[in-house]
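Residue numbers (the numbering used here), protein chains in the order written: chain A, 1 to 191; chain B, 1001 to 1191. Worksheet: one structure, shown below.
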DNA sequence: TGGTAATTGTGTCAATTGACACAAAATTAA
DNA sequence: TTAATTTTGTGTCAATTGACACAATTACCA
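Below, the structure is given as structure tokens:
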């Protein structure tokens, strides 16, 4: 749980007692490569925190093509938020691209935490605000940066993803085709 | 304040007393067309709720081109979230595309609300969660839909924006150039 | 370990797109 | 109300991109 403890710590001080309460609501789990964390028709009853490995969150459209919504990297909270908060069945899928170890917080425990004491409730609210802020930054970066810039950003800030995730999936993650990403790689290699 | 009251109501029941506390933290304001709500170098100390009119949230890149981050429509909470939550100066701009009327919640009042009582604190947390969920839905839709589909979506769900916002800005909002949007419009008109 | 499946590199080609240019129309300001 | 400014419509053209195809390589499973 050390990773999750460190993750929480970046959002402010918390007494060891409260940190324990927080961490005791999290259960560790793991997935083999190819195993599904959430699949179509599932109800989404947990929030996940990826410790190691990569997840592929995607949707299959009516036209039959697969649309990558996100490649989830380590040290990241992820769930299908609308389905989790509003208790819906999903039509999307989330599958392990590599071996994955994660922490899981069930809805019931998440809700209990918000009721446990004021400090924890307020702390979780801060974490929610920071995740919201991060989502907007990610969305804005997608608007601001070109595909090539996003690939260079990955090279610099997430080389592990490039090493462990198939290029086709990285391509869709940054919003282009496998072939175009290949052109970018060739161009960068030449420079 | 009726719009804001209705907006809040969709997230759950609230006693009239608590609703009053909530609404009394909001001050109404307005902008003339072309007036800036937030500009480069500003500190961002408020959250805004647009009642009427449209805002243009954009950034100017080093290369000298303007990048639209969002066109904000009525009935929508908006601020520069990272700057607001983390007390930073911004490099971006938010300007009124039309006459705009809005409600404003200052950081100080927002923080006071979170301390006022448990019901309100918990209610605001729910609103934050729903806004987070909405942001992710918006981001996912941007991945799933083509430019043409997003334009049709606007036609169906936000005709007012099409009527009141220049096509060049709508084009950048849905992620394309003015010329390509014009081609789409011509094609749709022919069909 | 050998065979199968998946992934990658790469070329060609058609379609889409963005950049540029400029006249027409509409909006704004003096 | 007129002049100046902004926005819009539209054509051409070059560059980028995606689709397809397939051989080479790598990864996986029995």
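Backbone N, C-alpha and C fix where the C-beta goes; we use that ideal spot for every residue, glycine too.
Rounded Cβ spacing between residue i and residue j (contact assumed at less than 8 Å)
i, j, result
"residue 1092 of chain B", "residue 1055 of chain B", "Not confirmed; about 12 Å, so no contact."
"residue 19 of chain A", "residue 8 of chain A", "7 Å"
"residue 129 of chain A", "residue 1128 of chain B", "6 Å"
"residue 81 of chain A", "residue 1132 of chain B", "6 Å"
"residue 151 of chain A", "residue 104 of chain A", "With a Cβ gap of about 31 Å, residue 151 of chain A and residue 104 of chain A do not count as contacting."
"residue 170 of chain A", "residue 97 of chain A", "Actually they do not touch by this definition, with Cβ atoms about 10 Å apart."
"residue 144 of chain A", "residue 1061 of chain B", "7 Å"
"residue 1 of chain A", "residue 23 of chain A", "5 Å"
"residue 1118 of chain B", "residue 122 of chain A", "In fact, because the Cβ distance is near 11 Å, the residues do not count as touching under 8 Å."
"residue 1120 of chain B", "residue 1021 of chain B", "6 Å"
"residue 1025 of chain B", "residue 1109 of chain B", "4 Å"
Buried or exposed by the 16-neighbour rule on C-beta atoms within 10 Å, applied to residue i
i, result
"residue 1167 of chain B", "exposed"
"residue 1181 of chain B", "buried"
"residue 53 of chain A", "buried"
"residue 155 of chain A", "exposed"
"residue 137 of chain A", "exposed"
"residue 1184 of chain B", "buried"
"residue 1146 of chain B", "exposed"
"residue 140 of chain A", "buried"
is_contact[residue i, chain A] using C-beta, thresh 8 Å
i, result
"residue 1148 of chain B", "no"
"residue 1077 of chain B", "no"
"residue 1155 of chain B", "no"
"residue 1143 of chain B", "yes"
"residue 1081 of chain B", "yes"
"residue 1129 of chain B", "yes"
"residue 1125 of chain B", "yes"
Residue from the options with nearest C-alpha to residue i
i, options, result
"residue 111 of chain A", "A:185, A:180, A:146, A:85", "A:85"
"residue 1095 of chain B", "B:1107, B:1062, B:1058", "B:1058"
"residue 46 of chain A", "A:28, A:34, A:136, A:32", "A:28"
"residue 106 of chain A", "A:78, A:117, A:122, A:162", "A:78"
"residue 148 of chain A", "A:98, A:32, A:187", "A:187"
"residue 72 of chain A", "A:189, A:158, A:184", "A:158"
"residue 1035 of chain B", "B:1026, B:1101, B:1022", "B:1101"
"residue 1004 of chain B", "B:1160, B:1051, B:1136, B:1030", "B:1051"
"residue 1074 of chain B", "B:1067, B:1099, B:1090", "B:1099"
"residue 1088 of chain B", "B:1178, B:1116, B:1038", "B:1038"
"residue 66 of chain A", "A:140, A:183, A:173", "A:173"
"residue 1041 of chain B", "B:1026, B:1090, B:1033", "B:1090"
"residue 1017 of chain B", "B:1146, B:1108, B:1116, B:1184", "B:1116"
"residue 33 of chain A", "A:165, A:178, A:175", "A:165"
"residue 1134 of chain B", "B:1064, B:1162, B:1076", "B:1076"
Chain B contact for residue i (CB, 8 Å cutoff)
i, result
"residue 112 of chain A", "no"
"residue 85 of chain A", "yes"
"residue 69 of chain A", "yes"
"residue 132 of chain A", "yes"
"residue 47 of chain A", "no"
"residue 139 of chain A", "yes"
"residue 121 of chain A", "yes"
"residue 192 of chain A", "Given that chain A is displayed from residue 1 to residue 191, the structure contains no residue 192 of chain A and the question cannot be resolved."
"residue 136 of chain A", "yes"
Element boundaries [alpha helix (DSSP H), containing residue i]
i, result
"residue 1152 of chain B", "1147-1157"
"residue 1084 of chain B", "1081-1086"
"residue 8 of chain A", "2-9"
"residue 1168 of chain B", "1167-1174"
"residue 129 of chain A", "118-144"
"residue 1031 of chain B", "Counting along the chain, residue 1031 of chain B falls outside any alpha helix (DSSP H), though it belongs to the beta strand (DSSP E) covering 1026-1031."
"residue 1184 of chain B", "1178-1190"
Limits of the unbroken beta strand (DSSP E) element including residue i
i, result
"residue 1060 of chain B", "1055-1060"
"residue 1051 of chain B", "1046-1052"
"residue 97 of chain A", "Segment: none, residue 97 of chain A is in no beta strand (DSSP E) and carries neither H nor E."
"residue 36 of chain A", "36-38"
"residue 43 of chain A", "Here residue 43 of chain A belongs to no beta strand (DSSP E), and DSSP marks it neither H nor E."
"residue 69 of chain A", "66-72"
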